[in-house]
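Going left to right, the sequence shown walks through residues 0 to 443 as numbering that gives the first Met the number 0 numbers them. C-beta atoms are modelled at their ideal positions from N, C-alpha and C, and glycine is treated no differently. One structure is given below, encoded as structure tokens.
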Amino acid sequence: MNIKREKIKVRDMTCNSCEVRIENEIRKLDGIVFAKANFKNGEVYVEFNSKECSLEKIKAAIKKAGYSLDADTTEKILELIILILVMVLLYRMSNIFNISSALSGEVTYLILFIIGLFTSLHCIGMCGGIMLSQTLKSEGNTTYSKIVPALQYNLGRVISYTLLGGIIGALGSVFSLSPYTKAFIMVFAGLFMVVMGLNLFGFNFLRKYTNSLHIGINFKRNSNAPFIVGILNGLMPCGPLQAMQLYALSTGSFVKGALSMFVFSIGTVPLMLGLGIASTLINKNGSQRIYKYSGIFVMVLGIIMLSRGFALAGININPMKYSNSNVSNAARSEIADDVQTIRMDATYAGYTPNVFVVQRGVPVKFIINGKELTSCNNYLIIPSLRIEKQLQEGENIIEFTPENVEDINFSCWMGMLNGVIKVVDDINSVDTSNIVLPQQPGGG
0 MNIKREKIKV RDMTCNSCEV RIENEIRKLD GIVFAKANFK NGEVYVEFNS
50 KECSLEKIKA AIKKAGYSLD ADTTEKILEL IILILVMVLL YRMSNIFNIS
100 SALSGEVTYL ILFIIGLFTS LHCIGMCGGI MLSQTLKSEG NTTYSKIVPA
150 LQYNLGRVIS YTLLGGIIGA LGSVFSLSPY TKAFIMVFAG LFMVVMGLNL
200 FGFNFLRKYT NSLHIGINFK RNSNAPFIVG ILNGLMPCGP LQAMQLYALS
250 TGSFVKGALS MFVFSIGTVP LMLGLGIAST LINKNGSQRI YKYSGIFVMV
300 LGIIMLSRGF ALAGININPM KYSNSNVSNA ARSEIADDVQ TIRMDATYAG
350 YTPNVFVVQR GVPVKFIING KELTSCNNYL IIPSLRIEKQ LQEGENIIEF
400 TPENVEDINF SCWMGMLNGV IKVVDDINSV DTSNIVLPQQ PGGG
């Protein structure tokens, strides 16, 4: 026998299900001795009889399975440049729908449903492969039997989200997470989303670290498998899901937490269910394109989540914070009787103003007027001063003495609304018209 061995670079593999799909397609060819796909390395190793099969036929089989062969270096660099430009554009446009702003206002169940609708694009990137691994193997002959797995999977997700929301809401009545714990959760979720987004887009250099985070379940001939996978889906590390769980925690109620997560999860159903149904109609290559370009959206949400997490820890790393459009007048403290006073309003729109200039060494009286308090802006955190303040309607006072020239960052308890108190040696020498304002972190 004329046995040949080849390693083929393959793009667009996003999970273990992709490995199985490629291997099965290759094994349909005559002359195949061995075929093994490696999701982490983006490679397929094959052994075949060169008299019965050829490398071209194997590559054609890979393409038939819905995957593309590895691009050359120039194409990769071009894709990376385009990716960065698109991410910057999406980040700048993120305020078109800002989850942070939505949660910082008067949160209604309609808003939670809308948040679910908009974040379902992220669900496609994070969980679409898991769902398709269940729907694509459906052996039903009728239209209804083919869409049953998609219905089961989404039902499992809704039940899981609702139960977790109730449990977390009940825990919120007993204890609350510290700001630094919340910041760690958000930073971890943000990093995870950025890595997963790169993975989905086709950059496989980090796959060895993300492979263990996928749910690898393959029930044999189990009609309830999609439902069980949907239930387990609620345990996946997911940025928007964790943000919503933090909101559920803030409700301090099993019923309110469960209802909030139920409405949010219902909002994610239309797009996810639509993808599951469409997977029985579109070819595999089409579904791979959906994964790839949803990766961009996942990365943008990840960067926003990172920004929020660091803001909650008192660190402002917002990549757009030095935008020219972000330069405006800051509020200078008023000094009288050896005490300097700064005033801020807490409204549905956030904290106004959110940049202050104070004198070093002079006691500060920080007056926050609770005009329109919400579930987000009603708790102010100043991490570097170890100050946390539950805001009430009317005037709320925080007092401290700044000892060093520095920026004292503050935020709401979820890191969604933030600001800064700039400490200077001589307050009269500062031109407040040219101070850069911190942007509120975008959606997520």
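Measuring C-alpha to C-alpha distances from residue 400 to each of 340, 254, 262 identifies 340 as the nearest. In the DSSP assignment, residue 373 falls outside any alpha helix (DSSP H), carrying neither H nor E. According to DSSP, residue pairing for residue 343 in a beta bridge involves 367. Look at residue 391 here: in three-state DSSP terms it is coil, with no helix or strand label.
Setting aside the 5 residues that flank it on each side, residue 9 is surrounded in the same chain by 21, 36, 41, 42, 43, 61, 66, 67, 68, 69, each with a C-beta closer than 8 Å to its C-beta; the list follows chain order. For residue 253, the CB contacts under 7 Å within the same chain, skipping 5 residues up- and downstream, are 165, 168, 169 in chain order. Separation of residue 338 and residue 398 (C-alpha to C-alpha, rounded to the nearest whole angstrom) is 10 Å. Counting along the chain, residue 39 sits inside no alpha helix (DSSP H), nor does DSSP assign it H or E at all. DSSP places residue 335 in no alpha helix (DSSP H) but in the uninterrupted beta strand (DSSP E) bounded by 333-335. Counting only residues of its own chain and dropping the five nearest sequence neighbours on each side, residue 407 has a CB closer than 6 Å to the CB of 383, 420. Taking the Cα positions, residue 160 is about 50 Å away from residue 430. Only residues of its own chain outside the window of five on either side were considered, and among them 263, 266, 267 have a CB closer than 6 Å to the CB of residue 115, listed in chain order. Counting the other CB atoms within 10 Å of its CB gives residue 418 a total of 16 or more, which places it among the buried residues. Going by beta carbons, residue 363 and residue 329 fall outside the 7 Å limit. Per DSSP, the beta bridge partners of residue 351 are 344. Non-local beta-carbon contacts of residue 63 in its own chain, meaning distances under 7 Å to residues more than five positions away in sequence, involve 24 in chain order. The residue from 185, 50, 17 with its alpha-carbon nearest to that of residue 1 is 50. Within 10 angstroms of the beta-carbon of residue 180 lie fewer than 16 other beta-carbons, which makes it exposed.
According to the DSSP secondary-structure assignment, residue 330 is paired through a beta bridge with 355. In terms of Cα proximity to residue 195, the closest of 299, 255, 144, 260 is 299. With fewer than 16 other Cβ atoms inside 10 Å of its own Cβ, residue 223 counts as exposed. In this structure, the straight-line span from the alpha carbon of residue 425 to that of residue 333 is close to 13 Å. DSSP, reduced to helix, strand and coil, places residue 67 outside both helices and strands of the structure shown, so it counts as coil. For residue 428, the closest C-alpha among the options 390, 358, 368 is that of 358. Residue burial annotation: residue 156 is buried, with at least 16 other C-beta atoms found within 10 angstroms of its C-beta.
DSSP places residue 15 inside the alpha helix (DSSP H), whose first and last residues are 15-26.
In the structure shown, the three-state DSSP call for residue 398 is strand. Residue pairing by DSSP puts residue 379 in a beta bridge opposite 388, 411. The three-state secondary structure of residue 2, taken from DSSP, is strand.
In this chain, residue 419 is not harboured by any alpha helix (DSSP H); it is covered by the beta strand (DSSP E) spanning 417-423. Burial of residue 118 is indicated by the presence of at least 16 other C-beta atoms within 10 angstroms of its C-beta.
Annotation for residue 228: the continuous alpha helix (DSSP H) segment containing it runs 224-232.
The alpha carbon of residue 422 has as its nearest neighbour, out of 403, 410, 412, the alpha carbon of 403.
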